[in-house]
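Okay, structure first, notes after.
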Amino acid sequence: MSATLALLGGTPVRTRPFPAHNPIGEEEKKAVLEVLDSGILSRFLGAWHRDFYGGDRVQAFERTWAGLVGAKHAVSFNSNTSGLFAAVGAAGVGPGDEVLVPPYTMSASATVVIGYHAVPVFADIEPDIFCVDPRSLRERITPRTKALVVVDLFGHPADLDPIMALAREHGLVVIEDAAQAPGAVYHGRRVGTISDMTVFSLNYHKHIHTGEGGIVTTGNDRYAERLQLIRNHGEAVVADRGITDLVNAFGFNLRMTEIPAAIGITQLSKLPHLLERRVKNAEYLSKHVGVLPGIAPPTVRPGCTHVYYVQPFLFDAAVVGVSRERFVEAVCAELPTAEDRDWPMMSSGYVTPLYLQPMYQQQIAIGASGCPFRCPHYQGTVDYRKGRCPVTEQIEERRLIATEFMRPPATTDDMRDVVRAFEKVYEHRRELVEPRGGAS
């Protein structure tokens with residue numbers, strides 16, 4: 004291994020790309036061909052009929068997912084975003100309401116709230132686990148608060164017991180965005196069985212996938228019914244079913260078809276093995292990278308299982324002696340990306356806090372009128388100023404390193420190369436002269 008950093012003209016630790024994360028195999032191909040041979044690619048009917056609930060494979064996939072998680076109901080969708088949107092509607096959110104959301108998440112966790120002309124209110128995150136802080140949620144509740152969206156960020160469950168207790172105290176609905184956390188466990192209970200509604204993703208770069216897709220679990224019959232109505236043109240069936248008391252009964256076409264459902268059934272059988280490999284890789288990196296002073300491995304809450312959609316590290320530039328951005332740039336120069344992507348496997352930070360993004364700063368989302376932020380139905384005051392969630396801002400701007408090296412089918416040998424790259428850069432970090440100024 005060259006003693007000169009690759010960023011400075013030396014030989015990198017590794018040039019061979021990391022393996023593609025592709026859990027699709029012969030089983031999925033066979034399942035898809037069976038659907039194609041049947042000629043029935045979808046059985047959904049937007050009218051009151053047994054096919055209102057979808058075809059055989061859609062319903063089988065829902066039963067299989069519910070059984071694996073231990074949930075009473077599972078309702079499939081064509082994406083996690085669609086599932087979140089339906090869950091917000093099933094919770095009865097509407098104009099003038101507020102929904103509490105963490106700002107450190109994918110944009111859809113908040114924009115689905117705006118879709119019902121309600122206002123996202125952002126609560127800060129925990130400094131070591133990065134999920135929403137229950138104490139910040141409590142501080143942000145107002146008489147207008149209708150629901151909480153909590154995110155199992157990076158694959159670690161949010162602190163669900165105090166969150167659920169807080170919700171019950173105030174009569175709020177808890178929607179859990181578990182897009183990054185299939186198979187995660189919170190105090191002995193599987194994610195998907197604790198909150199009022201839990202939404203999972205089957206997007207192509209998740210732990211398992213169907214190309215695109217989502218699924219919502221719930222133990223509540225009423226929520227399950229609302230989810231099904233919103234998924235499939237509910238306004239067309241409420242009269243035939245004698246439903247008179249459901250708000251948000253209008254629906255859309257958010258339906259999963261038979262091909263992704265068939266893929267999903269097979270993918271579920273692979274989830275335990277894929278999680279085992281992912282966790283083993285992540286724990287290896289935590290053990291060997293996390294010993295470098297100033298680079299802290301992810302914290303795992305006692306009694307919880309982290310499933311590592313992303314493996315975060317906390318970087319302390321004052322200890323390391325070089326900026327986070329320069330250090331990450333140097334490590335990325337030592338390692339290639341993966342066969343299935345053309346962007347690095349490691350980054351400085353994750354996402355800009357949502358409330359600092361243009362839509363919230365300009366408070367223009369639906370048309371140009373300012374709705375829902377400035378709306379006759381909304382009696383609150385929107386506060387999206389910088390400093391609103393100081394922990395989130397510090398984590399994103401200065402501390403977090405996000406890595407994805409642990410994705411299956413990567414092996415321990417692959418992880419050794421990652422460790423060597425970190426160690427090499429750390430050993431030679433003094434050579435990383437900052438382009439402007441010093442460490443930040």
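Take the sequence shown: its position 380, counted from the start at 1, is 383 in the working numbering, and no numbers get skipped.
Where is the CB? At the ideal position from N, CA and C, for every residue including glycine.
Which class does serine 351 belong to by DSSP, given the choice of helix, strand or coil? Indexing the sequence shown from 1 puts residue 351 at position 348. Looking at serine 351 - three-state DSSP - the assignment turns out to be strand.
Boundaries (first-last residue) of the alpha helix (DSSP H) holding threonine 67: Counting from 1 along the sequence shown, the entry for residue 67 is found at position 64. Looking at the DSSP string, the run of the alpha helix (DSSP H) that includes threonine 67 is 59 to 72.
If I'm right that phenylalanine 203 touches alanine 181 with Cβ under 8 angstroms, what's the distance once you round it to whole angstroms? One-based indexing of the sequence shown puts residue 203 at position 200. One-based indexing of the sequence shown puts residue 181 at position 178. Contact holds; Cβ gap of about 5 angstroms.
Which residues in the same chain have their Cβ closer than 7 angstroms to the Cβ of alanine 23, if we skip the five residues on either side of it in sequence? The residue given as residue 23 occupies position 20 in the sequence shown. The residues are Ala341, Glu342 and Asp343.
Best match in Ala6, Glu101 and Val16 for proximity to leucine 175 [C-alpha to C-alpha]: Position 172 of the sequence shown, counted from the start, is the residue given in the question as residue 175. Minimum Cα distance to leucine 175 is reached at Glu101.
Inter-residue spacing [alpha-carbon to alpha-carbon] between valine 250 and tyrosine 381: As a working note, residue 250 is residue 247 in the sequence shown. As a working note, residue 381 is residue 378 in the sequence shown. Any reading at valine 250 needs caution, since the residue's pLDDT is 49, under 50, leaving its predicted position unreliable; the model's value is listed next. Roughly 19 angstroms between the two C-alpha positions.
Three-state secondary structure (DSSP) of serine 204: Working through the sequence shown from its first residue, we reach residue 204 at position 201. Three-state DSSP puts serine 204 in a strand.
Using the Cα positions of threonine 302 and serine 110, report the straight-line distance between them to the nearest angstrom. Translated into positions along the sequence shown, residue 302 becomes position 299. Translated into positions along the sequence shown, residue 110 becomes position 107. Roughly 24 angstroms between the two C-alpha positions.
Reduced DSSP secondary structure (H/G/I, E/B, other) of arginine 138: Stepping through the sequence shown from its first residue, residue 138 is reached at position 135. Arginine 138: helix per DSSP, three-state reduction.
Measure the alpha-carbon distance for cysteine 378 versus arginine 225 and round it to whole angstroms. Looking up residue 378 in the sequence shown gives position 375. Looking up residue 225 in the sequence shown gives position 222. Between cysteine 378 and arginine 225, the C-alpha separation is close to 30 angstroms.
Report yes if the C-beta distance between methionine 167 and glutamine 314 is below 8 angstroms; otherwise report no. Along the sequence shown, one-based indexing puts residue 167 at 164. Along the sequence shown, one-based indexing puts residue 314 at 311. Contact: no.
If you draw a straight line from the alpha carbon of threonine 67 to that of isoleucine 27, how long is it in whole angstroms? Counted from its first residue, the sequence shown places residue 67 at position 64. Counted from its first residue, the sequence shown places residue 27 at position 24. Approximately 18 angstroms, taken between the alpha carbons.
Are valine 135 and valine 116 closer than 8 angstroms when you measure CB to CB? The residue you call residue 135 lines up with position 132 of the sequence shown. The residue you call residue 116 lines up with position 113 of the sequence shown. Cβ distance not < 8 angstroms, so valine 135 and valine 116 don't count as in contact.
Which one of Ser82, Asp40 and Glu179 has the shortest CA to CA distance from threonine 220? As a working note, residue 220 is residue 217 in the sequence shown. When each option's Cα is compared against that of threonine 220, the closest is Glu179.
Please list, in chain order, all residues of the same chain as threonine 148 whose beta carbon is under 8 angstroms from its beta carbon, the five residues on each side excluded. Working through the sequence shown from its first residue, we reach residue 148 at position 145. Cβ within range, chain order: Asp100, Glu101, Val102, Leu103, Val124, His173 and Leu175.
Which ranges does the alpha helix (DSSP H) cover as unbroken runs of at least 4 residues, wholly within the region 179 to 242, from first to last along the chain? 224 to 234
With distance defined between alpha-carbon atoms, name the residue in Thr406, Thr260 and Leu277 nearest to leucine 317. Within the sequence shown, residue 317 is the residue found at index 314, counting from 1. For leucine 317, the nearest C-alpha among the options comes from Thr406.
Cβ-based neighbour list, valine 428, same chain, cut-off 6 angstroms, excluding 5 preceding and 5 following: Taking the sequence shown and counting its residues from 1, one reaches residue 428 at position 425. Within its own chain, the residues whose Cβ lies closer than 6 angstroms to the Cβ of valine 428, once the five positions on either side in sequence are excluded, are Ala333 and Val334, listed in chain order.
Which residue from Gln183, Gly390 and Phe80 puts its Cα closest to that of glutamine 364? Your numbering for residue 364 matches position 361 in the sequence shown. Out of Gln183, Gly390 and Phe80, Gly390 has the C-alpha closest to the C-alpha of glutamine 364.
Using the DSSP secondary-structure output, state which residues sit across from cysteine 307 in a beta bridge. The residue given as residue 307 occupies position 304 in the sequence shown. DSSP lists Tyr189 as partners of cysteine 307.
Count the other CB atoms within 10 Å of the CB of threonine 515; is the residue buried (16 or more) or exposed (fewer)? The structure shown does not extend to residue 515, since the chain is modelled only from 4 to 443, so the question has no answer here.
Following the continuous alpha helix (DSSP H) through histidine 276, name the residue where it begins and the one where it ends. Here the question's residue 276 lines up with position 273 in the sequence shown. Looking at the DSSP string, the run of the alpha helix (DSSP H) that includes histidine 276 is 261 to 292.
If you count every other CB in all the chains shown that lies within 10 Å of the CB of glutamine 183, and 16 or more means buried, which is it? Taking the first residue of the sequence shown as position 1, residue 183 is located at position 180. With 16 or more other Cβ atoms within 10 Å, it is buried.
Quick one: residues in its chain with C-beta nearer than 7 angstroms to the C-beta of valine 421, no 5 flanking neighbours on either side, listed in chain order? As a first step, residue 421 must be located in the sequence shown, where it is residue number 418. Excluding positions up to five away in sequence, the list reads Leu288, Leu338 and Phe408.
Apart from the five residues on each side of it in sequence, which residues of its chain come closer than 6 angstroms, Cβ to Cβ, to alanine 368? Taking the sequence shown and counting its residues from 1, the one referred to as residue 368 is at position 365. Taken in chain order, the residues that qualify are Ile117 and Met362.
Does alanine 23 come out as helix, strand or coil in the three-state DSSP assignment? On the sequence shown, residue 23 is found 20 positions in, with the first residue counted as 1. Alanine 23: coil per DSSP, three-state reduction.
Check the DSSP bridge columns for valine 122 and list the partner residues they point to. Taking the first residue of the sequence shown as 1, we reach residue 122 at position 119. Bridge partners of valine 122: Glu101.
Look up glutamine 360 in the DSSP assignment and say whether it is helix, strand or coil. Position 357 of the sequence shown holds residue 360. In the structure shown, glutamine 360 sits in coil (DSSP, three-state: anything other than H, G, I, E or B).
contact_flag[the region 153 to 165, the region 83 to 101] where n(CB pairs < 8 angstroms) is 3 or more: no
Count the other CB atoms, across all protein chains shown, that sit within 10 Å of the CB of glycine 58; report buried if there are 16 or more and exposed otherwise. In the sequence shown, counting from the first residue as 1, residue 58 sits at position 55. Glycine 58 comes out buried.
To the nearest angstrom, report how far apart phenylalanine 64 and methionine 348 are at their CA atoms. By one-based count along the sequence shown, residue 64 stands at place 61. By one-based count along the sequence shown, residue 348 stands at place 345. Each residue's Cα considered, the two are about 32 angstroms apart.
With a 10 Å radius around its C-beta and 16 neighbouring C-beta atoms as the bar for buried, classify threonine 201 as buried or exposed. In the sequence shown, residue 201 corresponds to position 198, counting from 1. Result: buried.
To the nearest angstrom, how far is it from the Cα of serine 82 to the Cα of glycine 92? Stepping through the sequence shown from its first residue, residue 82 is reached at position 79. Stepping through the sequence shown from its first residue, residue 92 is reached at position 89. Rounded to whole angstroms, serine 82 to glycine 92 spans 16 angstroms at the Cα level.
Looking only at DSSP bridge pairs, what is valine 331 linked to? Position 328 of the sequence shown, counted from the first residue, corresponds to residue 331. Bridge partners of valine 331: none, in fact.
Residue from Tyr119, Thr145 and His120 whose Cα sits closest to the Cα of alanine 126: Stepping through the sequence shown from its first residue, residue 126 is reached at position 123. Taking only the C-alpha atoms, the option nearest alanine 126 is Thr145.
Assuming contact is defined by CB atoms lying nearer than 8 angstroms, are arginine 60 and alanine 227 in contact in what I supplied? By one-based count along the sequence shown, residue 60 stands at place 57. By one-based count along the sequence shown, residue 227 stands at place 224. No, the Cβ-Cβ distance between arginine 60 and alanine 227 is not below 8 angstroms.
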